[in-house]
Amino acid sequence: MAEQLTPHFDDVQAHYDLSDEFFRLFLDPTQTYSCAYFERDDMTLEEAQIAKIDLALGKLGLQPGMTLLDVGCGWGATMRRAIEKYDVNVIGLTLSKTRPPTCRRASTSSTPRAPGRCY
0 MAEQLTPHFD
10 DVQAHYDLSD
20 EFFRLFLDPT
30 QTYSCAYFER
40 DDMTLEEAQI
50 AKIDLALGKL
60 GLQPGMTLLD
70 VGCGWGATMR
80 RAIEKYDVNV
90 IGLTLSKTRP
100 PTCRRASTSS
110 TPRAPGRCY
């Protein structure tokens, strides 16, 4: 008999809404909360996070003016990089109630031509 999966929305929401100060204790300056790509042994965590973002974005065939949907955008590091490097429009989605303002600031500070939108 298959076990029924029960959603735990409150538990997930509580995790996403921990303070930014808490996450700054162990994340790099981009505040990217996922694995990194260490191309070289001497890379910092921040460099490895940017390398991971560049690797993923490079596979998408992005062209200026395209729109990228970033599901799970967090603090907006991928959005910011896509705007800076590819001159695309970006829409970011997050479960967090506290991240959208931070994400908006991060994505609009890159370039005024193609701001990101976070929801």
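Letter by letter, the sequence shown follows residues 0 to 118 of numbering that gives the first Met the number 0.
Quick reminder that beta carbons are idealized off the backbone N, C-alpha and C, glycines included.
DSSP beta-bridge partners of residue i
i	result
residue 90	68, 116
Rounded distance between the beta-carbons of residue j and residue i, thought under 8 Å
i	j	result
residue 137	residue 87	With the chain covering 0 to 118 only, the question about residue 137 has no answer from this structure.
residue 97	residue 16	5 Å
residue 31	residue 76	5 Å
residue 48	residue 27	5 Å
residue 80	residue 52	5 Å
residue 134	residue 91	The requested residue 134 is not part of the displayed model; the chain covers only 0 to 118.
residue 94	residue 12	7 Å
residue 38	residue 50	5 Å
Cβ neighbour criterion (16 or more within 10 Å) applied to residue i
i	result
residue 89	buried
residue 69	buried
residue 29	buried
residue 35	buried
residue 71	exposed
Reduced DSSP secondary structure (H/G/I, E/B, other) of residue i
i	result
residue 30	coil
residue 5	coil
residue 25	coil
residue 80	helix
residue 51	helix
residue 36	coil
residue 41	coil
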